[in-house]
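See structure below.
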Amino acid sequence: MKAIIALDQGTTSSRAIVFNRDGSIRAAAQQEFQQIFPQAGWVEHDANEIWKTQLETAQAALAKSGLAPGDIAGIGITNQRETTVIWDRKTGEPIHNAIVWQDRRTSAFCDELKAKGHGELIQARTGLVIDAYFSGSKVRWLLDNVPGARARAERGELAFGTIDSWLVWKLTGGARHVIDPTNASRTMLCNLRGEWDDELLGILGVPRALLPEVRSSSEVYGETTLLGGPIKLAGIAGDQQAALFGQNCFERGMAKNTYGTGCFMLMNIGTEPQISRHKLLTTIAWRLGGRTEYALEGSVFIGGAVVQWLRDGLGIIETSADVEKLAGTVPSSGGVYLVPAFAGLGAPHWDQYARGTITGITRGTTAAHIARAALDGIAFQVADVLEVMKEDSGIAMNTLRVDGGASANDMLMQFQADILQVPVVRPKVIETTALGAAYLAGLATGFWKDRAEISKVWQVDRTFEPQMTADKAAHRRSRWHQALSRARDWEDHR
0 MKAIIALDQG
10 TTSSRAIVFN
20 RDGSIRAAAQ
30 QEFQQIFPQA
40 GWVEHDANEI
50 WKTQLETAQA
60 ALAKSGLAPG
70 DIAGIGITNQ
80 RETTVIWDRK
90 TGEPIHNAIV
100 WQDRRTSAFC
110 DELKAKGHGE
120 LIQARTGLVI
130 DAYFSGSKVR
140 WLLDNVPGAR
150 ARAERGELAF
160 GTIDSWLVWK
170 LTGGARHVID
180 PTNASRTMLC
190 NLRGEWDDEL
200 LGILGVPRAL
210 LPEVRSSSEV
220 YGETTLLGGP
230 IKLAGIAGDQ
240 QAALFGQNCF
250 ERGMAKNTYG
260 TGCFMLMNIG
270 TEPQISRHKL
280 LTTIAWRLGG
290 RTEYALEGSV
300 FIGGAVVQWL
310 RDGLGIIETS
320 ADVEKLAGTV
330 PSSGGVYLVP
340 AFAGLGAPHW
350 DQYARGTITG
360 ITRGTTAAHI
370 ARAALDGIAF
380 QVADVLEVMK
390 EDSGIAMNTL
400 RVDGGASAND
410 MLMQFQADIL
420 QVPVVRPKVI
430 ETTALGAAYL
440 AGLATGFWKD
450 RAEISKVWQV
460 DRTFEPQMTA
470 DKAAHRRSRW
480 HQALSRARDW
490 EDHR
């Protein structure tokens, strides 16, 4: 066997990457797909389009690699988490568009759950806070709003899955309906042992007959023949847990931040779950060989997506890569602060009624200042998460490992190091989400022997040392929190 394929199904695109044994990228393919906004605060995807783009990118990457299916040890899957699909078990057709993790349509229902006093129970059982972000309320909405769906679900005619489940179902021709613990732990229906919880199912009104089987993050689930020959499906992890694994954060206290559509910081906290005092999430990091490990997580809803907004919404850049050049034409944001709360605020604020705000604008403000403030806003949000993560864990991190598309932006990474006042370490392969899925599949198939062998693959590209004084960093963060206060509780929900 010569390689592993990782399927990286993200929020805005589907990718497939072929990795060599040394962790280098042999070939890759990517396709964007449509973002559907039926009304304000609603975000949907066409699940069939997700499947089509993911299959086509896998076929394209394999063709580019020059390898045959028999050369591939296995396929690992990593996916946008929480995004919810329900489909017909006989036809394989979705009953509705997938409801995306960013979607806020169930905010009022989540408020009802809080008002009924379910918050403490749900956090204790799942490690999550009640929020429209998670899959459970989305499943409830589909059952209540698609005609006949609830009755069909109770009769066992429908299947629910996060995107990993949907892809495995399609890849195996409907032979496997599974989910791994990292994705299951993001539904608000699964307890921290990695098991579906009857009391939670009752609270959210979700029939057990809908649910996939929970399997470990690294094992052979089945095989697909859709790439020209049989290939094992052998690893699954939600995107952020996959990135934690891909960054080799195998020891307690090691942390990474992924700069994707959102920003997601995870810290390995070992084999005992720890409930956060600061509204961070406790989540399953992975389950391998019967051993479950956990992570603290802080989720920032809008990270790289703010750059897409500069491109598509404001039209001040032509491509996302142009943002660094534009922002670099000014020495700073000129007192401008951009709070990208387009979909509310995630950790540690959890304000689903916050909205995006730009403060500090003057007649001298230019597009370059807005671009610079947008990049700064990403780093400030990450700093807010890191601060409470250190308090929760009692661990003072001395470095932060980074990955994801926006980590290639040197200006952003330098500002991140400045604001955090700790070194930021970027690996040579920043596609660590896909790499983590590849590692999990490779361990299950014997392509890599163990974690020690994997650790030899991980290499540093660049370390960004803080250059800003601690006093200046503190002042900038103080001003950021002033701007943040303007964005809080903006949407009328009374």
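The sequence shown begins at 0 in numbering that gives the first Met the number 0 and counts up by one.
We treat Cβ as the ideally placed atom computed from N, Cα and C, and that holds for glycine.
These numbers come from a predicted model, not from an experiment.
Of the residues Ala67, Leu265 and Thr11, which one's Cα is nearest the Cα of glutamate 296?
Taking only the C-alpha atoms, the option nearest glutamate 296 is Leu265.
Let me see if you follow: with CB-CB separation under 8 Å, is leucine 337 close to chain D or not?
Looking for chain D here will not work: only one protein chain is present.
Within its chain, find whatever has a CB closer than 7 Å to the CB of alanine 342; leave out the 5 residues flanking it on each side and keep chain order.
Gln101, Arg103, Phe300 and Ile301
Three Cβ pairs or more, each shorter than 8 Å: is that satisfied between the stretch 167 to 176 and the stretch 278 to 292?
no
Return the chain-ordered ranges of every beta strand (DSSP E) run that is complete within the stretch 407 to 485 and spans a minimum of 3 residues.
Qualifying beta strand (DSSP E) stretches, in chain order: 423 to 426 and 459 to 463.
Looking at the unbroken alpha helix (DSSP H) that takes in aspartate 143, where does it start and where does it end?
134 to 144
Please report the straight-line C-alpha distance between threonine 77 and isoleucine 3, rounded to a whole angstrom.
If I take the Cα positions, the gap works out to 13 Å.
Contact set for arginine 276: own chain, Cβ-Cβ below 7 Å, skip 5 residues either direction
Asp391
For glutamate 153 and leucine 226, the rounded distance between their alpha carbons:
35 Å
Measuring CB atoms only, is the stretch 236 to 250 touching the stretch 84 to 92, in the sense that at least three cross pairs come out at less than 8 Å?
Contact fails: fewer than three Cβ-Cβ distances are below 8 Å.
Reduced DSSP category for leucine 127 - H, G, I as helix; E, B as strand; rest coil:
coil
What residue range does the beta strand (DSSP E) around asparagine 256 cover?
For asparagine 256, the enclosing beta strand (DSSP E) covers residues 254 to 258.
Starting from serine 497, trace the beta strand (DSSP E) both ways and give me its first and last residue.
Lying outside 0 to 493, the shown extent of the chain, residue 497 is not represented and no answer is given.
Which residues in the same chain as proline 93 place their Cβ atom closer than 6 Å to its Cβ, once the five residues preceding and following it in sequence are excluded?
Ala46, Val84 and Trp86
CA-CA distance, glutamate 198 and aspartate 417?
46 Å
Distance between lysine 427 and glutamine 29 (C-alpha atoms, nearest Å):
Take the alpha-carbon of glutamine 29 and the one of lysine 427: they are about 20 Å apart.
Tell me the DSSP secondary structure of alanine 494 in three-state form.
In the structure as shown, the chain starts at 0 and stops at 493, and residue 494 therefore has no counterpart that could be examined.
Write down the C-beta distance between arginine 139 and leucine 203 rounded to the nearest angstrom, noting that I regard them as a contact closer than 8 Å.
With 8 Å as the limit, arginine 139 and leucine 203 qualify as a contact, their Cβ atoms being about 5 Å apart.
Exposed or buried, what is phenylalanine 36 when buried is set at 16 or more other beta-carbons lying within 10 Å of its beta-carbon?
exposed
Chain-order list of residues whose beta-carbon lies under 6 Å from that of phenylalanine 379 (same chain, five-residue window excluded)
Trp479
Within 10 Å of its beta-carbon, does aspartate 460 have 16 or more other beta-carbons around it, so buried, or fewer, so exposed?
Classification for aspartate 460: exposed.
contact_flag[the stretch 403 to 423, the stretch 312 to 324] where n(CB pairs < 8 Å) is 3 or more:
yes
Taking DSSP as the reference, what is the three-state secondary structure of valine 299?
Residue state, collapsed to three classes: strand.
Neighbour-count burial assignment, glycine 314, 16 or more Cβ in a 10 Å radius
exposed
Closer than 8 Å by C-beta to serine 12: which residues in its own chain qualify, once you throw out the five before and the five after it? Chain order, please.
Excluding sequence positions up to five before and after serine 12, its CB lies within less than 8 Å of the CB of Gln29, Gln30, Glu31, Phe32 and Thr52, all in the same chain and listed in chain order.
DSSP puts valine 17 in a beta bridge; with which residues?
Ile4 and Ala26
Leucine 200 to cysteine 189, Cα distance in whole Å?
9 Å
Completely contained beta strand (DSSP E) runs for the stretch 33 to 79, where each covers 3 or more residues
71 to 78
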